[in-house]
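A.B. asks: Have a look at this one.
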Amino acid sequence: MIKKLWLTFSQALAVLLALYFMLETFRPDWVSILMHRNAHQLSNSGPGEGYRKAVEAAMPAVVNIFTSKKMGAAPKHPFFEDPEIRKFFGDDPEDNPAEDDTASSLGSGVIVSAEGYIVTNQHVVEDADTIEVSLNDGRKASAVLVGTDPETDLAVLKIVLNKLPVVQFAQEEQAQVGDVVLAMGNPFGVGQTVTMGIISALGRNHVGINTFENFIQTDAAINPGNSGGALVDTQGNLLGINTAIYSRSGGSLGIGFAIPAKTVQSVLNQIVRNGSVTRGYIGVEQQNITEELSKAFNLPQQDGVIIAGIVKDGPADKAGLKVGDILLAIDKQAIKDTTQMLNLIASSEPGQKRVIRLLREGKPVSLTIEIGVRPKPGDLLKK
Numbered sequence: 000m001i002k003k004l005w006l007t008f009s010q011a012l013a014v015l016l017a018l019y020f021m022l023e024t025f026r027p028d029w030v031s032i033l034m035h036r037n038a039h040q041l042s043n044s045g046p047g048e049g050y051r052k053a054v055e056a057a058m059p060a061v062v063n064i065f066t067s068k069k070m071g072a073a074p075k076h077p078f079f080e081d082p083e084i085r086k087f088f089g090d091d092p093e094d095n096p097a098e099d100d101t102a103s104s105l106g107s108g109v110i111v112s113a114e115g116y117i118v119t120n121q122h123v124v125e126d127a128d129t130i131e132v133s134l135n136d137g138r139k140a141s142a143v144l145v146g147t148d149p150e151t152d153l154a155v156l157k158i159v160l161n162k163l164p165v166v167q168f169a170q171e172e173q174a175q176v177g178d179v180v181l182a183m184g185n186p187f188g189v190g191q192t193v194t195m196g197i198i199s200a201l202g203r204n205h206v207g208i209n210t211f212e213n214f215i216q217t218d219a220a221i222n223p224g225n226s227g228g229a230l231v232d233t234q235g236n237l238l239g240i241n242t243a244i245y246s247r248s249g250g251s252l253g254i255g256f257a258i259p260a261k262t263v264q265s266v267l268n269q270i271v272r273n274g275s276v277t278r279g280y281i282g283v284e285q286q287n288i289t290e291e292l293s294k295a296f297n298l299p300q301q302d303g304v305i306i307a308g309i310v311k312d313g314p315a316d317k318a319g320l321k322v323g324d325i326l327l328a329i330d331k332q333a334i335k336d337t338t339q340m341l342n343l344i345a346s347s348e349p350g351q352k353r354v355i356r357l358l359r360e361g362k363p364v365s366l367t368i369e370i371g372v373r374p375k376p377g378d379l380l381k382k
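Each residue of the sequence shown is one higher than the one before, starting from 0 at the first, in numbering that gives the first Met the number 0.
What follows is the structure, given as structure tokens:
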């Protein structure tokens, strides 16, 4: 039975090969058409189709943002105060439109609700006098700044237009290193552009860009003007807001950072509801435990945070924390470093009481602390 099947297969293969060589010899044009058609069908059923669908789903909700800021009149040169000199230039030699110069900048944003709310980077709209939004379908609208959150570099704008396209948020937990992603925005002001890459890392922090960092790192090309644009998955769902690049030249070097969707949603909801973002605060200056400090304190591991300073009359001071304490856990959640501690406290509701576990002079100590309200960045620097 097996021999018969093998014989049948061999004969069929021989006939097909013979047919192919005959066509290749006498009608090579037919072979070319057939191969091209097969390749086209494969491309339509492969990843390319998924990327087109992702672009079709997300691109209409990605907008270009143009801002302007009045710089004011430049001070007159003392040279023109001389009456004799003024005779040659008229009464006001510097009275010209150049006095009211304006500085312009551009970036990108993403429409996240049918009510007209747009998320972008705070640095894109910082200190802007006017903000204009241009949609992918050609419509334009003036935008109102609803609120900003400098500590995550996010801002929320609002426009009033009908039938707005809206991007869908992705399930961030499903994103994995190696997943294909698309970056959408307006790089260098050339117009809407899409670049492709993969997720290079998740939870990237200690980058030194924002106070609160939990970046998605990608090698999708992100360039100036892409800031505030969308990082989407292959279904067109929003994974994050493109915010920064690592570059020595100003162009993309394959290391870009996006603020994850979970952070974007949290900031968006608070700004829309309250006009600002409220975070938890305990009033300490913290420091990571290095190998040298671990040896000095005779610690079995480098996890934990050293309390290097305490704000007078702040929540930590009232709870009894002392400089030199080593914070090991908050509500039984182990603390690995300052970034984790900062994020955990910031996500706590002001007024909430939490139990913290410390190591003080080598002895374990537990204290209850009432979370306070984190001051605004400017006020924080004054303390």
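Each residue gets a CB set at the ideal place from its N, CA and C atoms; glycine is no exception.
1) Measure the Cβ-Cβ separation of Ala-154 and Ile-208 and say whether it is below 8 Å.
2) Residues in the same chain with beta-carbon distance under 7 Å from Gly-47, minus the five sequence neighbours each way, listed in chain order, please.
3) If we require 3 or more residues per run, which beta strand (DSSP E) segments fall completely within the region 181–227?
4) Roughly how many angstroms lie between the CA atoms of Ile-344 and Gly-282, to the nearest whole one?
5) Smallest Cα separation from Val-231: which of Phe-168, Gln-264, Ser-265, Val-189?
6) So the candidates are Ile-288, Thr-194, Ser-141; which of them puts its Cα closest to the Cα of Gly-160?
7) Go ahead and pull the three-state DSSP assignment for Arg-272.
8) How is the alpha helix (DSSP H) around Ile-258 delimited, first residue to last?
9) So, using beta-carbon positions, are Gly-228 and Val-61 closer together than 8 Å?
10) Out of Glu-125, Gly-361, Asn-241, Ser-112, point me to the one whose CA is closest to Pro-186's CA.
11) Check whether the region 214–227 touches the region 249–269, taking contact to mean three or more Cβ pairs, one atom from each stretch, closer than 8 Å.
12) On the premise that Gly-146 lies in contact with Tyr-280, defined as a C-beta separation below 8 Å, what is that separation, rounded to the nearest angstrom?
13) With 16 other CB atoms within 10 Å as the buried threshold, where does Ala-13 fall?
14) Can you tell me whether Phe-87 is helix, strand or coil according to DSSP?
15) In the DSSP output, what is Tyr-280 paired with across the bridge?
16) With the cut-off set at 8 Å, would you say Leu-358 and Ile-306 are in Cβ contact?
17) According to DSSP, is Ser-383 helix, strand or coil?
18) Which one or two residues does DSSP pair with Tyr-116 in a beta bridge?
19) For chain B, find out if any of its Cβ atoms is closer than 8 Å to the Cβ of Thr-66; answer yes or no.
20) How would you call Ser-9, buried or exposed, if buried means at least 16 neighbouring beta carbons within 10 angstroms?
21) Taking all protein chains shown into account, do 16 or more other C-beta atoms lie within 10 angstroms of the C-beta of Leu-15, making it buried, or fewer, making it exposed?
22) Assign Thr-388 to one of three DSSP states: helix, strand, or coil.
23) If you draw a straight line from the C-alpha of Ser-42 to the C-alpha of Asp-136, how long is it?
24) If contact is defined by three or more beta carbon pairs under 8 Å, each pair taking one atom from either stretch, is the region 178–185 in contact with the region 316–325?
25) By the three-class DSSP mapping on this structure, what secondary structure does Asp-126 have?
26) My understanding is that Gln-175 touches Met-58, with C-beta atoms under 8 Å, so please give their C-beta distance in whole angstroms.
27) Which residues mark the beginning and the end of the beta strand (DSSP E) in which Lys-69 is found?
28) Tell whether a beta-carbon distance below 8 Å holds between Val-165 and Leu-181.
29) Expressed to the nearest angstrom, what Euclidean distance is found between the alpha-carbon atoms of Ile-221 and Ser-107?
30) Can you tell me which residues form a DSSP beta bridge with Leu-105?
31) Would the beta-carbon of Ser-104 fall within 8 Å of that of Thr-66?
32) Considering just the uninterrupted stretch of the alpha helix (DSSP H) at Lys-317, what are its terminal residues?
33) Is Ile-288 helix, strand or coil when you go by DSSP?
C.D. replies: With the given structure in hand:
1) Counting from 1 along the sequence shown, the entry for residue 154 is found at position 155. Counting from 1 along the sequence shown, the entry for residue 208 is found at position 209. No, the pair does not count as a contact, with Cβ atoms beyond the cut-off.
2) Along the sequence shown, one-based indexing puts residue 47 at 48. Annotation note: pLDDT 45 at Gly-47 (below 50); position unreliable, coordinate value reported separately. The answer is none, since no qualifying residue turns up.
3) 192–203, 214–217
4) Walking along the sequence shown from the start, residue 344 turns up at place 345. Walking along the sequence shown from the start, residue 282 turns up at place 283. The alpha-carbon atoms of Ile-344 and Gly-282 are separated by roughly 10 Å.
5) For this step, residue 231 is matched to residue 232 along the sequence shown. Nearest option by C-alpha distance: Phe-168.
6) In the sequence shown, counting from the first residue as 1, residue 160 sits at position 161. Before going further, note that residue 160 is Leu rather than Gly in the sequence given. Ranking the options by Cα distance to Leu-160, first place goes to Ser-141.
7) Translated into positions along the sequence shown, residue 272 becomes position 273. DSSP places Arg-272 in helix when its eight states are reduced to three.
8) Here residue 258 corresponds to residue number 259 of the sequence shown, with the count starting at 1. No alpha helix (DSSP H) holds Ile-258; the beta strand (DSSP E) holding it covers 255–259.
9) Position 229 of the sequence shown, counting from 1, holds the residue named residue 228. Position 62 of the sequence shown, counting from 1, holds the residue named residue 61. Yes, Cβ-Cβ distance for Gly-228 and Val-61 is below 8 Å.
10) The residue labelled residue 186 in the question sits at position 187 within the sequence shown. Per the Cα distances, Asn-241.
11) yes
12) The sequence position of residue 280 within the sequence shown is 281, counting from 1. The sequence position of residue 146 within the sequence shown is 147, counting from 1. Not confirmed; about 19 Å, so no contact.
13) Walking along the sequence shown from the start, residue 13 turns up at place 14. Label assigned to Ala-13: exposed.
14) Locating residue 87 in the sequence shown gives position 88, where the first residue counts as 1. Caution is warranted here: a pLDDT of 46 is assigned to Phe-87, below 50, making its placement in the model unreliable, and no coordinate value can be reported.
15) As a working note, residue 280 is residue 281 in the sequence shown. Paired residue(s): Gly-371.
16) Residue 358 sits at position 359 when you count from the first residue of the sequence shown. Residue 306 sits at position 307 when you count from the first residue of the sequence shown. It is not a contact, given that the beta carbons lie outside the stated cut-off.
17) The requested residue 383 is not part of the displayed model; the chain covers only 0 to 382.
18) Walking along the sequence shown from the start, residue 116 turns up at place 117. In the DSSP output, where bridge partners are listed per residue, Tyr-116 has Lys-157.
19) In the displayed structure, chain B is absent; only one protein chain is listed.
20) Reading the sequence shown from its first residue, position 10 is the one you call residue 9. With fewer than 16 Cβ atoms within 10 Å of its Cβ, Ser-9 is classed as exposed.
21) Translated into the one-based positions of the sequence shown, residue 15 becomes position 16. Classification of Leu-15: exposed, given that the 10 Å Cβ count is below 16.
22) Residue 388 is absent from the structure shown; the chain starts at 0 and stops at 382.
23) As a working note, residue 42 is residue 43 in the sequence shown. As a working note, residue 136 is residue 137 in the sequence shown. With a pLDDT of only 42 at Ser-42, under 50, the local geometry of the prediction cannot be trusted, and the value read off the model is given with reservation. Looking at the two C-alpha atoms, the distance is approximately 28 Å.
24) no
25) Counting from 1 along the sequence shown, the entry for residue 126 is found at position 127. In this structure, Asp-126 counts as coil in the three-state DSSP scheme.
26) As a first step, residue 175 is located in the sequence shown; it is residue number 176 there, counting from the start. As a first step, residue 58 is located in the sequence shown; it is residue number 59 there, counting from the start. 24 Å between Cβ atoms; not a contact.
27) Sequence index remark: in the sequence shown, residue 69 carries index 70 (1-based). Unbroken beta strand (DSSP E) run through Lys-69: 61–69.
28) By one-based count along the sequence shown, residue 165 stands at place 166. By one-based count along the sequence shown, residue 181 stands at place 182. The answer is no: Cβ separation not under 8 Å.
29) Counting from 1 along the sequence shown, the entry for residue 221 is found at position 222. Counting from 1 along the sequence shown, the entry for residue 107 is found at position 108. One C-alpha to the other measures close to 12 Å.
30) By 1-based counting over the sequence shown, the position of residue 105 is 106. For Leu-105, which the question treats as bridged, DSSP gives the partners Phe-65.
31) For the purposes of this step, residue 104 is taken as the residue at position 105 of the sequence shown. For the purposes of this step, residue 66 is taken as the residue at position 67 of the sequence shown. In this structure, Thr-66 lies closer than 8 Å to Ser-104 by Cβ.
32) Start at 1 with the first residue of the sequence shown, and residue 317 comes out as number 318. Start and end: 314–318.
33) Counting from one through the sequence shown, the residue named residue 288 turns up at place 289. Coil.
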